[in-house]
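Engineer: Before I ask anything, here is the structure I am working with.
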Amino acid sequence: MSALTQFDKDWCQRKLAELNKWALTTPFRYPVDPVRDGAERYLEIVTNPMDLNTMKKKLTDNVYKTVDEFVQDVHLISDNAIKFNGENSMYAFIATDMKTWIDEQYKQKATSIEDEWHRKLTDVVERLLDHVKNAPIHYRGEGAAALAQAATAMAAAPPSA
Numbered sequence: 001m002s003a004l005t006q007f008d009k010d011w012c013q014r015k016l017a018e019l020n021k022w023a024l025t026t027p028f029r030y031p032v033d034p035v036r037d038g039a040e041r042y043l044e045i046v047t048n049p050m051d052l053n054t055m056k057k058k059l060t061d062n063v064y065k066t067v068d069e070f071v072q073d074v075h076l077i078s079d080n081a082i083k084f085n086g087e088n089s090m091y092a093f094i095a096t097d098m099k100t101w102i103d104e105q106y107k108q109k110a111t112s113i114e115d116e117w118h119r120k121l122t123d124v125v126e127r128l129l130d131h132v133k134n135a136p137i138h139y140r141g142e143g144a145a146a147l148a149q150a151a152t153a154m155a156a157a158p159p160s161a
C-alpha cells in the first residue's frame, strides 16, 4: 500500500498540531523516559509506546499508509495511559479525551479537497441564510429573497471535480 495522499497527510498534520495545542497533552508529547518521569517499569508494562512527537516523525517519514493507522496511534496513546496509570488516573482521562476527539474528527473528515471545500461553502451558505432569515424587517425585500434563493441553490449544487 502506498503512502497517504497529500490531502490525508495535511489532515493528519492539522489534527496533530491541534492535539499539541491542548495544554493537558504535555505528558503525551514525547516518549516516556522511565528515569526522568519516575516510571521505572514503564517499558516492562507498555510494550508498544507511542507519543505525539513519534507520530509527527512517522508522518514526516511517510510511515503511515492510511489515516486509520494515524488514528490508531492516538488510540494507542490512550490505551497505554490506561494500562500503565489505571482507568481512573488523570493521564487516562486526558488520553481518553484525545481518543474521543480524534474519533469525532475522523468521522467528520472530508474525503477530498473538493469535498472539504463544498462542506465549508455549505456552512457559509447556511450561516448566510440564517442571517438573511433573521435580518430586520426593513432589510428583507427582493434583494434578500434573491440572495436567499441563490444561496440555497449553491448549497444544493454537488461539488464539481
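Going left to right, the sequence shown walks through residues 1 to 161 as the UniProt record's numbering numbers them. For each residue, glycine too, the CB sits at the ideal point set by N, CA and C.
Do you know offhand how far I94's Cα is from I102's?
Structural biologist: C-alpha separation (whole angstroms): 12 Å.
Engineer: Would you say A153 reaches chain C, if we count a Cβ-Cβ gap shorter than 8 Å as a contact?
Structural biologist: No chain C is present in this structure, which holds just one protein chain.
Engineer: Could you check what DSSP says for L27 in three-state terms: helix, strand or coil?
Structural biologist: Sequence inspection shows Pro at residue 27; the Leu mentioned does not correspond to that position. Three-state result, P27: helix.
Engineer: Which of the three DSSP states is assigned to W101 in this structure?
Structural biologist: Here W101 sits in helix by DSSP.
Engineer: Starting from residue 167, trace the alpha helix (DSSP H) both ways and give me its first and last residue.
Structural biologist: No statement about residue 167 is possible, as the shown extent of the chain runs from 1 to 161 and does not include it.
Engineer: Return helix, strand or coil for M90, following the three-state DSSP convention.
Structural biologist: Residue state, collapsed to three classes: helix.
Engineer: Between the alpha carbons of D115 and V46, how many angstroms are there, rounded?
Structural biologist: Their backbone Cα atoms lie some 39 Å apart in a straight line.
Engineer: Please work out which residues of its chain come closer than 6 Å, Cβ to Cβ, to A81, disregarding the five sequence neighbours upstream and downstream, and give them in chain order.
Structural biologist: Y91, A92, A95, listed in sequence order.
Engineer: Taking the C-alpha atoms as reference points, what is the distance between T54 and T111?
Structural biologist: Taking the straight line joining both Cα atoms gives about 25 Å.
Engineer: On the premise that R29 lies in contact with L52, defined as a C-beta separation below 8 Å, what is that separation, rounded to the nearest angstrom?
Structural biologist: Rounded, the Cβ-Cβ distance is 5 Å, consistent with contact.
Engineer: I need the boundaries of the alpha helix (DSSP H) containing L128, first residue and last residue.
Structural biologist: Looking at the DSSP string, the run of the alpha helix (DSSP H) that includes L128 is 113–133.
Engineer: Under a three-way DSSP split, which group does E40 fall into?
Structural biologist: E40 falls in the coil class under three-state DSSP.
Engineer: Identify whether M50 lies in helix, strand or coil by the three-state DSSP scheme.
Structural biologist: It is coil, neither helix nor strand.
Engineer: Apart from the five residues on each side of it in sequence, which residues of its chain come closer than 7 Å, Cβ to Cβ, to N20?
Structural biologist: These residues qualify, in order along the chain: R29, L52.
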